[in-house]
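Each remark here refers to the structure printed beneath this line.
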Amino acid sequence: MTSWWRKTSRYLSSHSNLFIITGGLVGGAYLVSKYAISKFQQIQEKLTNDKNAKENLRRRFAQNQEDCTFTVLALLPTLGDQLFTKHNVEQLTESLRVQATPPVALPPTEPSIHVTPGETHSPVSLPTDVAPAAAQDLHQEASTPVAASTPEKQMLSDVSSKPDSTSPQLNPLAKSFVPGKVDTSEPQTTAFAVDAADTSSQADVQPSLSEEVIANGTTGPDSPITQNAEVPPSLASHAAAKIDVEKSSLESANHESSHMDAQGQPNKPPADRQVKLKLWNNLKLTAFTRTITSLYCVVLLTLQTHIQLNLIGRYAYLASVEALAREADDVYPDTSAQSSHGLDHDTERLYLTFSWWFLHHGWDRLSDRVSSAIERSFSPVSVKAQLSMADLRALLNDARYLIEHDSLSPSQSVGQPTRKRANFMDILFPNSIDQEVDILVGAGALDANDAHYALATNHKLRALLDETKDIIESPDFGSVLALCTDRVFETFFNSLNPTFDIPSTGKLNSTIHVQPLSAFESRFQEITEEMQHGKRVRLASLFPLVSRQSQMAIRGVPNEYIEALADSKELRAFSAVLYAAWSSL
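Numbered per UniProt numbering, the sequence shown finishes at 585, counting up by one with no gaps.
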């Protein structure tokens, strides 16, 4: 045993350095591996946390942008009802339709000859002893011209000397006389009352009855004329001649009066034409004002909603990150304490209430601004003017410049007054404490006393309002506003391209035919104005299309204007800057 132990100890002592080095290497390798594994685990955990945080941020940001889109779609009808009531294009269109409807022309009526009812139904009898006298009277009346207004007194004077026997008149146009006392107290009653407005039934019935009496000499099977005497042919011819003379004289008088009215029509003052022209001009200004106001309202409401919801979303995201850190690390012993970066529900509600200003007051100011610019740009243009797409773009660009720029007074500018770009601050948000109180009271959020108290004590609400106003006055907001406005106007012009035969692809429409060229000539082809800018159309024909776009911008489902803004990269970048501005907190 002793020799074995000595040999072993001698071997170890002679190789001690080897064992020490080997043990050190193995131990070091183990420690290094453990350290490396722990570091890899930490890196992996950090990458996982970063990935989760980025995914959480991306998901929250995407959800926030969708909330902005749905919020705008929910608020647009409130704005649209007021806008369409103020600029009522449909009412002007209906007025023009009523003005354009021609009056209902009455059919020409023949003059009717009225006979008193008692005389119309009285039996016509002609005794033998008075027939020659009646024939003599008719010969005398036919020898003189008959006027349409012959008084009854003259007719009664012819038969005033007759005895109390029935005195028939073979002329149906003359008043039949019944024997008795003649009342001469009504000399103004006429034998023939000509009324051009009566129906033609009386005029048809009475001449037919008269012709039957004259031709047949009877009024019925029991007529006394058939029993007592026959009508001489000369007497019937004289009565028919008298009827023809009266009819021809009345027709000539009506023809002359209508001819004089037709000749005098151009000499009358064109009141209807002036009213119609005024309606067309009002329709022109109202249609463009309503549509352009709708486009600006869509842009401004979208930007305002993105600013508000992104600021609130930023606070909500920071509060969620803080809550996750509190759960993962026991750094915050008081877990029930409220997050320093979070917003309470009342603060969010009061801050979102400030969109009420634009929905009920700001849009009206914007509408007046647009109306003034449209009137200055489109008033010189006639409704019958032929415009191309380039002309329409030029007119609307002039109007846009007046809308998007504020004029400076000569004292603020050297020489000729210039214009600076407007930020629409007074349209989107109030400028004074009193207006802020009016918003909270008008929206029903608080009463007057509570509104003053909330604005004075709620520091987070005041910080949100001040930051919002700073954002609106920043150059970034102006750039995004201009780009978004360009995008919605481009969508508007694309909707009018088919009217000008300009498809959205920029190629020619099928209605514009180009003659095929040879292989040599196909290398060179002249681009005409119609090929480049489309055909010219009358300005009045654009009114229905322009008015329809205001409906599409406010009430369209799907709303291509909202979709165009949602796809805007500039707006998403602007929202991302607002959402990630944590250094300002």
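Note that beta-carbon positions come from the ideal geometry of N, C-alpha and C, so glycine has one too. Computed from a predicted model, the values in this text were never measured in an experiment.
For this session: Assuming F429 contacts T485 (C-beta within less than 8 Å), just tell me the rounded distance between them.
Result: The pair is not a contact, with the Cβ atoms about 19 Å apart (cut-off 8 Å).
Exercise. Is it true that the segment 439–450 meets the segment 340–359, where meeting means three or more beta-carbon pairs spaced less than 8 Å apart?
Worked result: yes
Problem set entry | Outcome for N171 when other beta-carbon atoms lying within 10 angstroms are tallied against a minimum of 16 | Reliability of the predicted coordinates at N171 is poor, the pLDDT of 42 falling under 50, and no value is obtained from them.
Exercise. Going by Cα to Cα distance, which pick from T48, R572, L18 and W5 is closest to L303?
Worked result: R572
Exercise. Count the other CB atoms within 10 Å of the CB of V298; is the residue buried (16 or more) or exposed (fewer)?
Worked result: Buried, because 16 or more other Cβ atoms sit within 10 Å of the Cβ of V298.
Exercise. Per DSSP, D406 is paired with what?
Worked result: Answer is K420, bridged to D406.
Exercise. What is the residue span of the alpha helix (DSSP H) that L545 lies within?
Worked result: Per DSSP, the unbroken alpha helix (DSSP H) holding L545 starts and ends at F543 to R555.
Exercise. R487 to A36, Cα distance in whole Å?
Worked result: 54 Å
Exercise. For R538, which beta-bridge partners are listed by DSSP?
Worked result: Q386
For this session: Determine the extent of the alpha helix (DSSP H) in which residue 586 is found, giving its start and end residues.
Result: Look at the range of the chain in this structure, 1 to 585, and you will see that residue 586 is not part of it.
Problem set entry | Secondary structure of F429, DSSP reduced to three states | coil
Exercise. Using the C-alpha atoms, what's the distance from A482 back to T472?
Worked result: Residue 472 is actually Ile in this sequence, not Thr. Between I472 and A482, the C-alpha separation is close to 13 Å.
Exercise. Helix, strand or coil: which one does DSSP assign to P558?
Worked result: coil
Exercise. Mind checking K7: buried by the 16 CB within 10 Å criterion, or exposed?
Worked result: Exposed: under 16 other Cβ atoms inside 10 Å.
Exercise. Is it buried or exposed for S367, if we count other Cβ within 10 angstroms and need 16 for buried?
Worked result: buried
Exercise. Residues in its own chain within less than 7 Å of A373 by CB, not counting five upstream and five downstream?
Worked result: A399, L402 and I403
For this session: Could you tell me the distance, in whole angstroms, from the CA atom of L79 to the CA atom of K46?
Result: 48 Å
Exercise. With 16 as the cutoff for other CB atoms within 10 Å, does S355 come out buried or exposed?
Worked result: buried
Exercise. Using a Cβ-Cβ distance under 7 Å, would V381 count as near chain C?
Worked result: The structure shown has no chain C; it contains just one protein chain.
Problem set entry | Within 7 Å, strictly: CB atoms of A553 and L295 | yes
Exercise. Does the segment 375–392 come within contact of the segment 89–101, defined as at least 3 CB pairs closer than 8 Å?
Worked result: The segment 375–392 is not in contact with the segment 89–101.
Exercise. Under 7 Å between the Cβ atoms of L461 and N64?
Worked result: no
Exercise. Expressed to the nearest angstrom, what Euclidean distance is found between the alpha-carbon atoms of R369 and F424?
Worked result: Taking the straight line from one Cα to the other gives about 11 Å.
Exercise. Would you report the Cα separation of K54 and P380, rounded to the nearest angstrom?
Worked result: Using only the alpha carbons, I get a separation of about 57 Å.
For this session: Could you say which of G478, D391 and A445 lies nearest to R421 if we only look at CA atoms?
Result: Of G478, D391 and A445, the residue nearest in Cα terms is G478.
Exercise. How should E66 be labelled, buried or exposed, when 16 other C-beta atoms within 10 angstroms of its C-beta is the threshold for buried?
Worked result: Answer is exposed; the Cβ neighbour count stays below 16.
For this session: Confirm, please, whether the CB-CB distance from V383 to A540 is below 7 Å.
Result: yes
Exercise. Can you name, in chain order, every residue of its own chain whose Cβ lies under 8 Å from the Cβ of A451, other than the five neighbours on each side?
Worked result: E436, V437, L440, V441 and A445
Exercise. Leaving out the 5 sequence neighbours to the left and right, which residues in its chain are closer than 8 Å to K276 when beta-carbon positions are compared?
Worked result: Contacts found: L96, Q99 and A100.
Exercise. Can you round the beta-carbon distance between I427 and F358 to whole angstroms, since I take them to be within the 8 Å contact cut?
Worked result: 6 Å
For this session: Consult DSSP for N281 and reduce its assignment to one of helix, strand or coil.
Result: helix
For this session: Would you identify the three-state DSSP class for W363, choosing helix, strand or coil?
Result: Look at W363 here: in three-state DSSP terms it is helix.
Exercise. Count the other CB atoms within 10 Å of the CB of Q549; is the residue buried (16 or more) or exposed (fewer)?
Worked result: buried
For this session: Ignore the nearest five residues each way along the sequence and tell me which others in L545's own chain have a CB closer than 8 Å to its CB.
Result: S495, L496 and T499
Exercise. Leaving out five residues before and five after S9 in sequence, what residues of the same chain have Cβ atoms less than 8 Å from its Cβ?
Worked result: Exclusion of the five residues before and after S9 leaves no residue of its chain whose Cβ lies closer than 8 Å to its Cβ.
For this session: Would you kindly work out how many angstroms separate the C-alpha atoms of I562 and C68, rounded to a whole number?
Result: 10 Å
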